[in-house]
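Trainee:
Numbering (the working numbering), first residue to last: 0 to 281.
1) Return the chain-ordered list of same chain residues with a C-beta closer than 7 Å to the C-beta of residue 9, the five sequence neighbours on each side being excluded.
2) Roughly how many whole angstroms lie between the Cα atoms of residue 148 and residue 256?
3) Given a threshold of 16 other Cβ atoms within 10 Å of its Cβ, counted over all protein chains shown, does residue 167 qualify as buried or as exposed?
4) Count the C-beta pairs between the segment 91–107 and the segment 123–133 that are closer than 8 Å, then say yes if the count reaches three, no if not.
5) Could you check how far apart the C-beta atoms of residue 230 and residue 192 are, in whole angstroms? I think they sit under 8 Å.
6) Is it buried or exposed, residue 176, if we count other Cβ atoms within 10 angstroms and call 16 or more buried?
7) Return the first residue and the last residue of the alpha helix (DSSP H) that residue 275 is part of.
8) Within the continuous beta strand (DSSP E) that includes residue 161, where are the two ends?
9) Report yes or no: do the segment 210–222 and the segment 98–117 share at least 3 C-beta pairs separated by less than 8 Å?
10) Assign residue 37 to one of two classes, buried (16 or more other C-beta atoms within 10 Å of its C-beta) or exposed (fewer than that).
11) Would residue 212 and residue 223 qualify as a contact pair, given that the criterion is a beta-carbon distance under 7 Å?
12) Going by alpha carbons, who is nearest to residue 132 out of 122, 242, 144?
13) How about residue 54 and residue 46: do their beta carbons lie closer than 7 Å?
14) Could you check the C-alpha separation between residue 170 and residue 24 for me, to the nearest Å?
15) Check whether the segment 237–244 touches the segment 109–125, counting contact only when three or more Cβ pairs, one atom from each stretch, lie closer than 8 Å.
16) Name the DSSP beta bridge partners of residue 260, please?
17) Taking just the CA atoms, how far does residue 185 sit from residue 205?
18) Where does residue 214 fall in DSSP's three states?
19) Can you tell me whether residue 259 is buried or exposed, with buried defined as 16 or more other CB within 10 angstroms of its CB?
20) Assuming the contact rule is C-beta atoms closer than 8 Å, residue 93 and residue 121 should be a hit. Round their C-beta distance to whole Å, please.
21) I need the DSSP call for residue 42, collapsed to helix, strand or coil.
22) The alpha helix (DSSP H) with residue 107 in it runs from where to where?
23) Nearest by alpha-carbon distance to residue 182: which of 272, 277, 247, 201 is it?
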């Protein structure tokens with residue numbers, strides 16, 4: 000299969016309409032139809048059931064859609080990483096590290112300082128991401144390495160090293176009655192505080208249904224908490240970011256959060272290996 004054919008098929012499979020897929024690809028519809036028929040002949044299977052009014056995926060087409068997306072993502076990631084490697088030779092960034100903005104606030108500066116002191120260190124560009132974005136940046140090749148947080152981020156298919164595990168705290172308005180408690184249970188945060196939990200974006204950018212406010216980043220989240228619009232449970236290291244108008248109360252029954260450093264399993268970058276060694280030593 001050619002990547003061109005895969006891109007054509009994925010467009011049709013996602014649109015379920017040859018005309019819309021052709022417009023999306025910027026080509027005429029007849030060559031798109033011929034390309035799909037040629038792909039089906041080459042594979043020896045029917046990928047799409049079509050009639051005069053509709054297009055539907057077959058079981059084989061559903062498999063190719065899933066595998067094709069992964070293959071195209073891998074090709075795009077290879078393109079980005081190769082270009083970045085060439086830029087590094089010409090003085091561009093040596094490594095790109097993705098991390099959630101506001102997270103790992105103690106670990107990240109220590110890691111960057113310790114790595115910069117290594118004799119063969121290269122420049123590190125830090126991408127500060129929204130909720131859940133660092134995993135996508137790592138997988139699509141825009142980042143070489145990322146700090147992820149279990150159990151919230153997926154590390155499937157990535158190599159990882161665990162760096163630190165911490166308990167969680169409830170972040171409340173400083174004047175809230177529960178803020179004076181020595182500790183809280185998860186059920187108490189959700190039921191006794193009277194404050195709805197925030198809604199974080201999904202991988203596709205949409206938000207789940209609920210009463211809590213939609214939250215994009217920590218700065219917005221903390222302002223909403225201070226205004227008495229929401230409460231949240233976060234890793235204990237968040238204490239270093241809180242101002243006087245917010246309070247943190249331990250939540251012993253909340254699941255522990257483990258920060259891991261993650262990278263693509265096929266990477267053979269010596270600078271990346273040195274950064275990972277530095278992180279595990281810290």
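We put the CB at the ideal spot given by N, CA and C, even for glycine.
Mentor: Per the coordinate set shown:
1) Locating residue 9 in the chain shown gives position 10, where the first residue counts as 1. So the qualifying residues of the chain are 64, 67, 68, 71.
2) For the purposes of this step, residue 148 is identified with residue 149 of the chain shown, where counting begins at 1. For the purposes of this step, residue 256 is identified with residue 257 of the chain shown, where counting begins at 1. Going by the C-alpha atoms only, they are around 6 Å apart.
3) In the chain shown, residue 167 corresponds to position 168, counting from 1. Residue environment: residue 167 is assigned as buried (16 or more neighbouring CB atoms within 10 Å of its CB, all protein chains considered).
4) By the C-beta criterion, the segment 91–107 is judged to be in contact with the segment 123–133, since at least 3 inter-stretch pairs fall below 8 Å.
5) Reading the chain shown from its first residue, position 231 is the one you call residue 230. Reading the chain shown from its first residue, position 193 is the one you call residue 192. Going by Cβ atoms, the distance from residue 230 to residue 192 rounds to 5 Å, so yes, they are a contact pair.
6) Along the chain shown, read from residue 1 onward, the residue named residue 176 stands at position 177. Its Cβ having fewer than 16 others within 10 Å, residue 176 is exposed.
7) Counted from its first residue, the chain shown places residue 275 at position 276. That run of the alpha helix (DSSP H) goes 269–280.
8) By 1-based counting over the chain shown, the position of residue 161 is 162. Looking at the DSSP string, the run of the beta strand (DSSP E) that includes residue 161 is 158–165.
9) Contact between the segment 210–222 and the segment 98–117 is present, because at least three Cβ pairs lie under 8 Å.
10) As a position in the chain shown, residue 37 is number 38, starting the count at 1. By the neighbour-count definition (other C-beta atoms within 10 Å, threshold 16), residue 37 is an exposed residue.
11) In the chain shown, counting from the first residue as 1, residue 212 sits at position 213. In the chain shown, counting from the first residue as 1, residue 223 sits at position 224. Their beta carbons are under 7 Å apart, which means residue 212 touches residue 223 by this criterion.
12) Numbered from its first residue, the chain shown carries residue 132 at position 133. It is 144.
13) On the chain shown, position 55 is the one that residue 54 refers to. On the chain shown, position 47 is the one that residue 46 refers to. No, the pair does not count as a contact, with Cβ atoms beyond the cut-off.
14) Position 171 of the chain shown, counting from 1, holds the residue named residue 170. Position 25 of the chain shown, counting from 1, holds the residue named residue 24. Take the alpha-carbon of residue 170 and the one of residue 24: they are about 47 Å apart.
15) Contact fails: fewer than three Cβ-Cβ distances are below 8 Å.
16) The residue labelled residue 260 in the question sits at position 261 within the chain shown. Paired residue(s): 146, 160.
17) Locating residue 205 in the chain shown gives position 206, where the first residue counts as 1. Locating residue 185 in the chain shown gives position 186, where the first residue counts as 1. Spanning the two alpha carbons is a distance of roughly 25 Å.
18) Taking the chain shown and counting its residues from 1, one reaches residue 214 at position 215. The DSSP-derived three-state label of residue 214 is coil.
19) Taking the chain shown and counting its residues from 1, the one referred to as residue 259 is at position 260. Burial is judged here by how many other beta carbons sit within 10 angstroms of a residue's own beta carbon; residue 259 has at least 16 and is buried.
20) Your numbering for residue 93 matches position 94 in the chain shown. Your numbering for residue 121 matches position 122 in the chain shown. Indeed they touch by this definition, with Cβ atoms about 3 Å apart.
21) For the purposes of this step, residue 42 is taken as the residue at position 43 of the chain shown. Residue 42: helix per DSSP, three-state reduction.
22) Here the question's residue 107 lines up with position 108 in the chain shown. Segment 106–115, the alpha helix (DSSP H) holding residue 107.
23) For the purposes of this step, residue 182 is taken as the residue at position 183 of the chain shown. Cα-wise, what sits closest to residue 182 is 247.
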